[in-house]
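*Asks:*
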Amino acid sequence: MASLVLADYDFFKRIDEYIKNEQEAEKAFLPVETSEACNSFKDDSNFLKITNPEIICKKFKNLFNTLSSFKRNLQISPHYDNDCRFINYWLNDKLRNDSTNDTNYVKKFYVKLQEDNEFDKEKLLNNKIYDINYGELKNLRVLYNLYDNLYKIIAIMGDEPVSKSYTCAYYTYTCIEEYKEAKIFCNDESSTFCKALDEFRDSYLTIPQNPKGDRGCNLSTSGKLPEEDEISLYRSLVLGGKRPWTKDKIRKLIKGGSNKNEWENQLIHSDIEKKKVHLDKDRYNIEYHSS
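Quick note on numbering that gives the first Met the number 0: the sequence shown kicks off at 0 and runs consecutively.
1. Where LYS124 and CYS56 are concerned, what is the direct C-alpha to C-alpha distance, given to the nearest angstrom?
2. Rounding to the nearest angstrom, what Cα-Cα distance links LEU196 and SER231 in this structure?
3. Do PHE10 and ASN96 have their C-beta atoms within less than 7 angstroms of each other?
4. By how many angstroms is the C-alpha of LYS127 removed from the C-alpha of ARG71?
5. Does the region 154-162 come into contact with the region 200-213, if we say contact requires no fewer than three beta-carbon pairs (one atom in each stretch) closer than 8 angstroms?
6. Around the Cβ of ASN148, are there at least 16 other Cβ atoms within 10 angstroms (buried) or fewer (exposed)?
7. According to DSSP, is SER68 helix, strand or coil?
8. At 4 residues or longer, and completely inside the region 17-56: list those alpha helix (DSSP H) runs for me, N to C.
9. Taking Cβ positions, are ALA36 and ASP130 nearer each other than 7 angstroms?
10. Less than 6 angstroms between C-beta atoms, sequence neighbours within five positions excluded: which residues of the same chain meet that for TYR8?
11. Using only the alpha-carbon positions, how far apart do THR65 and LEU236 sit?
12. Between the alpha carbons of PHE108 and GLU25, how many angstroms are there, rounded?
13. Compute the Euclidean distance between the alpha carbons of LYS19 and PHE184, then round it to the nearest angstrom.
14. Between VAL105 and LEU94, is the Cβ-Cβ spacing less than 7 angstroms?
15. With DSSP collapsed to three states, give me the class of ILE128.
16. Around the Cβ of THR220, are there at least 16 other Cβ atoms within 10 angstroms (buried) or fewer (exposed)?
17. What three-state label does DSSP hand GLU117 in the structure shown?
18. How would you write the range of the alpha helix (DSSP H) that PHE199 sits in, first residue to last?
19. Please determine, among TYR143, ASN38 and SER68, the residue with the shortest C-alpha to C-alpha distance to ASN91.
20. Assign ALA181 to one of two classes, buried (16 or more other C-beta atoms within 10 Å of its C-beta) or exposed (fewer than that).
21. What three-state label does DSSP hand SER164 in the structure shown?
22. Note down the Cα distance separating ILE49 from LYS58, rounded to an integer number of angstroms.
23. In or out: LYS151 buried (at least 16 other Cβ within 10 Å) or exposed?
24. Counting only C-beta atoms, is PHE199 closer than 7 angstroms to chain D at any point?
25. Between PHE40 and GLU53, which are expected to be in contact by the criterion C-beta below 8 angstroms, what is the C-beta distance as a whole number of angstroms?
26. Take the Cβ of GLY134 as the centre, count every other Cβ of all protein chains shown within 10 Å, and call the residue buried at 16 or more, exposed below.
27. Contact check, CYS167 vs LEU145 under 8 angstroms by CB: the rounded distance?
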């Protein structure tokens, strides 16, 4: 599997449109003949670990039919490459998790999809559907969740309906917690994922303000993204200890992060522990010199 490059993240620039496409594909399993062609997935031994593979097949075909370049059979469309990237991400996301992380799931699924001669007659998806490296797939999921929450915040600020009736403060809180967790491990700012996170940050910082008020989003107070110095302190604590931190422990640290003194004290204690270890090593590695 080839590593993703920054261009592979470009579909996030239109993620608000893709989220709408996805919602549209979820609504109904049409046309009927396409749905019937998916039924064979239920009995295929390759997909026994997948829950309702026939439904994933139906939704995939519906999603394909909603995306602009596929709808018009236009490989020359400016959106074609990003449409391909998004639908490939979508299929990887639906088929693969920690218990079903066979590196060939997506490839096998797409080979079977091609048995339907009525699907993608123009072969627009040829060489565009593949298994994404699992670590990079998890990064894409993080970004998808961040942007999904971002556009819910924008919708609330603009008095538009949102699919789930949570408060805006809930979405800003979720964004901040997930952003912090992702940024902690971005100690190489030149990496593709870290650059993509920076692009998300830029999008978050340009949320259009509503002249009628904040709508409870708290963008100037608790809804602000953390600054780099705060992230650096978290990173020093998490990556500088003797033992690797579990995700649960990191989340507890982040959730308690409002008490800045508390986690700065943890950082100090961590540094003291490391110095003790070095002193112990020095103590037991003193060379003997005869007089």
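Even glycine gets a Cβ: it sits at the ideal position worked out from N, Cα and C.
*Replies:* Answer, in terms of the structure:
1. Note on residue identity: the sequence assigns Leu, not Lys, to residue 124. A direct Cα-Cα distance of roughly 15 angstroms separates LEU124 from CYS56.
2. Going from the Cα of LEU196 to the Cα of SER231 covers about 15 angstroms.
3. No, the pair does not count as a contact, with Cβ atoms beyond the cut-off.
4. So the two alpha carbons sit approximately 17 angstroms from each other.
5. Yes, they touch.
6. The residue in question, ASN148, is buried, as its Cβ has 16 or more Cβ neighbours within 10 Å.
7. Helix, per DSSP.
8. Segments of the alpha helix (DSSP H) lying fully in the region 17-56: 31-37.
9. Between ALA36 and ASP130, the C-beta spacing is not below 7 angstroms.
10. Around TYR8: ALA195.
11. Taking the CA atoms as reference points, THR65 sits about 46 angstroms from LEU236.
12. Computed Cα separation, rounded: 19 angstroms.
13. Rounded to the nearest angstrom, the two C-alpha atoms are 31 angstroms apart.
14. By the CB criterion at 7 angstroms, VAL105 and LEU94 fall inside the cutoff.
15. Here ILE128 carries a coil assignment [DSSP, helix/strand/coil].
16. Here THR220 is exposed. Its C-beta has fewer than 16 other C-beta atoms within 10 Å.
17. In the three-state DSSP reduction, GLU117 falls in the coil class, being neither helix nor strand.
18. For PHE199, the uninterrupted alpha helix (DSSP H) segment begins and ends at 191-204.
19. The option with the nearest alpha carbon to ASN91 is TYR143.
20. Counting Cβ neighbours within 10 Å, ALA181 comes out buried, since at least 16 surround it.
21. Residue state, collapsed to three classes: coil.
22. So the alpha carbons of these two residues sit roughly 14 angstroms apart.
23. With 16 or more other CB atoms across the displayed protein chains lying within 10 angstroms of its CB, LYS151 is buried.
24. Note that chain D does not occur in the displayed structure, where there is just one protein chain.
25. That pair is a contact at about 4 angstroms.
26. By the neighbour-count rule (16 or more Cβ atoms within 10 Å), GLY134 is not buried but exposed.
27. Actually they do not touch by this definition, with Cβ atoms about 15 angstroms apart.
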